[in-house]
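Each number in my numbering comes from the position in the sequence shown (counting from 1) with 1 added on. In this text, a Cβ means the ideal position worked out from N, Cα and C, and glycines have one as well. Data block below; observations after.
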Amino acid sequence: MPSREEITYFGAGPALLPTEVLKTAAASLVDYNNTGLGLAEHSHRSELATGILNTTKDDLAKYLDVPNDYEILFMQGGGSGEFSATVYNMVNVWVERRKQKILKELGVEESKIPENDLVQQLQKAVDEELKIDYVVTGSWSLKASQEAARLVGAEHVNVVADARKINDVDGVEFPGFPKILEPNGDDSPLVVADMSSNILSRRIPIKNYSLIFFGAQKNLGSTGITVVIIKKNLLPPVVGTPAPTLLRKLGLPIGPIVLSYETIAKNNSLYNTLSIFDVYIAGQVLKSLLATFTDKVDGQQAVADKKAQLIYAALDAHPESFKVVPAKDARSRMNICFRVTHLESVDESEKLFLKGAVEKGLTGLKGHRSVGGIRASNYNSIPLTGAEKLAAFIEEFAKTPK
2 MPSREEITYF
12 GAGPALLPTE
22 VLKTAAASLV
32 DYNNTGLGLA
42 EHSHRSELAT
52 GILNTTKDDL
62 AKYLDVPNDY
72 EILFMQGGGS
82 GEFSATVYNM
92 VNVWVERRKQ
102 KILKELGVEE
112 SKIPENDLVQ
122 QLQKAVDEEL
132 KIDYVVTGSW
142 SLKASQEAAR
152 LVGAEHVNVV
162 ADARKINDVD
172 GVEFPGFPKI
182 LEPNGDDSPL
192 VVADMSSNIL
202 SRRIPIKNYS
212 LIFFGAQKNL
222 GSTGITVVII
232 KKNLLPPVVG
242 TPAPTLLRKL
252 GLPIGPIVLS
262 YETIAKNNSL
272 YNTLSIFDVY
282 IAGQVLKSLL
292 ATFTDKVDGQ
302 QAVADKKAQL
312 IYAALDAHPE
322 SFKVVPAKDA
332 RSRMNICFRV
342 THLESVDESE
352 KLFLKGAVEK
362 GLTGLKGHRS
372 VGGIRASNYN
382 SIPLTGAEKL
392 AAFIEEFAKT
402 PK
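Now the structure itself:
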């Protein structure tokens with residue numbers, strides 16, 4: 002069997018973790034800081050746990066330059082859980098803001114207007130104005146839009162664009178923030194982004210987003226925690242939470258309390274039992290990044306860009322053997338997806354490619370079961386030498402006899 006040093010693992014998640022981080026975490030799992038207990042055995046409400054949580058939040062804010070008017074939440078449920086949570090919470094914000102707008106236009110306090118009158122006006126607003134727009138860039142954003150339609154009804158969900166239909170291949174990434182969505186006063190849209198794949202790999206204009214979420218298991222740590230970075234003006238006391246009775250009357254969903262951003266924020270992410278061990282791993286990854294890159298995320302971005310350029314250059318050099326996202330400015334630097342067209346049968350070509358890759362110690366390249374093809378997840382833990390090995394194998398495979 003190959004050793005850890007002989008393998009370059011391009012799996013999409015859970016992804017490769019730095020070996021030194023794993024060694025430190027393994028020791029802490031048996032005896033954390035000479036306490037006689039492993040970290041997974043300590044109470045999540047202990048002073049020790051709170052210290053780990055707060056330090057990890059501070060290091061994440063430092064690495065990404067998160068502005069002070071944003072709150073960082075650690076949650077559970079993964080990215081798929083956030084597909085639901087974002088709908089529950091952002092629809093709540095929309096309802097509360099719309100309610101306040103109605104009251105302002107009427108020039109009355111809520112206690113002075115008959116409840117049925119307010120409900121009728123809100124119902125009219127929901128029916129005519131509530132719309133959740135999605136830009137589909139791949140299979141996961143498609144699932145997010147489908148979950149929204151399941152929760153609030155397809156009539157309230159609008160897929161603005163579907164990159165898969167344009168590129169005919171998965172694996173795209175916004176090269177920058179869309180100018181049309183930049184904040185422009187109080188009527189600016191609530192902009193939400195799932196950055197599970199590219200978080201910590203590039204500088205983000207966080208101030209342009211209302212909310213960012215990401216699973217930890219790709220660039221931040223191990224499976225088990227999900228991070229939400231949310232603007233504080235979307236939380237109480239700035240924006241209240243509509244009463245469940247009102248939401249029922251409006252025919253809108255009421256989310257589980259463990260997915261309530263208000264509840265998680267109010268309890269410093271400790272409303273229920275959070276896996277402090279997973280938070281600790283994330284914290285160790287962040288400490289490693291901060292120690293490696295004095296310019297923080299900008300330093301990691303330079304490395305990520307170089308690795309992606311190496312792999313894409315090898316693929317582009319052989320268009321007869323590989324099919325890649327054609328729009329170069331929209332290609333994902335983290336999930337490099339392609340089809341192998343070297344032989345007449347794509348299926349046989351990809352089986353041959355994967356077999357040869359494993360023989361070279363390049364593993365985890367098989368695409369997601371719902372998409373197929375090849376996916377090289379070029380996360381932060383993939384060293385530059387790993388990207389060079391994959392690029393060399395791509396060149397070698399393209400020259401094999403057909």
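Of the candidates Val192, His45, Val127, Asn336, Asn336 places its Cα closest to the Cα of Ser140.
Contact annotation: Glu97 and Pro243 have beta-carbon atoms nearer than 8 Å. Tyr210 has its alpha-carbon roughly 12 Å from the corresponding atom of Lys233.
Among the bridge pairs identified by DSSP, Asn159 is matched with Asp134. Shown here, Arg151 sits in a helix according to DSSP, grouped into three states. Between Gly365 and Phe398, the CB-CB gap reaches or exceeds 8 Å.
Cβ contact annotation for Tyr89 (same chain, cutoff 7 Å, sequence separation greater than five): Pro254, Gly256, Leu260, in chain order. Contact check between the region 21 to 29 and the region 386 to 400: fewer than three CB pairs, one atom from each, fall below 8 Å, which does not count as touching. Secondary structure note for Ala314: its alpha helix (DSSP H) is the uninterrupted segment 298 to 317. In this structure, Thr9 and Gly362 form a Cβ contact; the two beta carbons are roughly 6 Å apart against a cut-off of 8 Å.
By the criterion of a C-beta distance shorter than 8 Å, Ala16 is surrounded in its chain by Tyr10, Gln218, Lys219, Asn220, Ser378, Tyr380, Ser382, once the five residues flanking it on both sides are discounted. Counting C-beta atoms within 10 angstroms of its own C-beta, Ile230 has 16 or more neighbours from the protein chains shown and is therefore classed as buried. Sequence-distant partners of Gly14 (beyond 5 residues in either direction) whose C-beta falls short of 6 Å from its own C-beta, in its chain, are Gln218, Lys219. In terms of Cβ geometry, His43 and Leu275 do not form a close pair [threshold 8 Å]. A Cβ-Cβ contact shorter than 8 Å links Tyr262 with Leu236. Following the DSSP letters along the chain, one finds Ala26 inside the alpha helix (DSSP H) bounded by residues 20 to 31.
Within the region 353 to 385, complete alpha helix (DSSP H) segments of at least 4 residues are not found at all. For Ile255, the three-state secondary structure derived from DSSP is coil. Taking Arg249 as reference, the option from Asn93, Glu6, Ala162 with the minimal CA-CA separation is Asn93. Exclusion of the five residues before and after Leu355 leaves Leu366, Lys367 as the residues of its chain whose Cβ lies within less than 7 Å of its Cβ.
Gly12 sits in coil when the DSSP states are folded into three classes, being neither helix nor strand. Setting aside the 5 residues that flank it on each side, Pro68 is surrounded in the same chain by Ile207, Lys208, each with a C-beta closer than 8 Å to its C-beta; the list follows chain order.
Apart from the 5 residues on each side of it in sequence, Val192 sits with its Cβ closer than 7 Å to the Cβ of Leu182, Asn209, Tyr210, Ser211 in its chain, given in chain order.
One thing to note: Thr227 has its Cβ within 8 Å of the Cβ of Phe214. Taking 8 Å as the cut-off, the beta carbon of Ala162 is found closer than this to the beta carbon of Val137.
Around Pro327, the same chain offers Asn168 as residues with beta carbons nearer than 7 Å, after the five sequence neighbours per side are excluded. For Gly78, the three-state secondary structure derived from DSSP is coil. When Arg370, Val341, Ser346 are compared, the shortest CA-CA separation from Glu396 is found for Val341. Selection Lys63, Ala145, Tyr281, Ile114 evaluated against Glu83 yields Ala145 as nearest (Cα-Cα). Counting along the chain, no beta strand (DSSP E) covers Thr224, and no H or E run does either. The C-alpha of Asp187 lies about 32 Å from the C-alpha of Thr57.
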